[in-house]
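All remarks here apply to the structure that follows.
Numbering (our numbering), first residue to last: -14 to 127.
Shown next as structure tokens:
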């Protein structure tokens, strides 16, 4: 599935304002066919009570990256999408710095899309988590 003609970096720049992506500070860095890069700065309010990065922070970054990438690759005529499954495996954590997320498709179909994301510590490149989600493509009702 090619990148939609209306899928531009500018389209996603402020999409999360006033919603969860904006609240946690997700920034979209790059968008191209079959790839979206996003970043998030680690802040004290995004940590769990134990002082380590909260799992939900990582998932918010990865799910946003995959969701925006899904929108950018929806088939022409499709109206939207919604998540029907997600999974995340954690291999590390962070207490400061920034996280980078790269989302790539595993499957781009007319009824579903499957997206994978890798979340890494920006400064070290160390992998923090791998994420996968399945999206159902929503079409206009007849």
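Every residue gets a Cβ at the ideal spot worked out from N, C-alpha and C, and that includes glycine. If you're wondering where the values come from, they're calculated on a predicted model, not measured in any experiment.
Cβ-Cβ distance between residue i and residue j below 8 Å
i	j	result
residue 25	residue 11	yes
residue 73	residue 114	yes
residue 119	residue 69	yes
residue 57	residue -8	yes
residue 39	residue 46	no
Pick from the options that is closest to residue i, judged by C-alpha positions
i	options	result
residue 103	29, 89, 36, 58	89
residue 42	78, 15, 19	78
residue 110	123, 31, 83, 122	83
Neighbour-count burial assignment, residue i, 16 or more Cβ in a 10 Å radius
i	result
residue 37	exposed
residue 44	buried
residue 123	exposed
Rounded straight-line distance, which links the Cα of residue j to that of residue i
i	j	result
residue -11	residue 64	13 Å
residue 9	residue 3	10 Å
Where the beta strand (DSSP E) through residue i begins and ends
i	result
residue 70	65 to 75
residue 78	Segment: none, residue 78 is in no beta strand (DSSP E) and carries neither H nor E.
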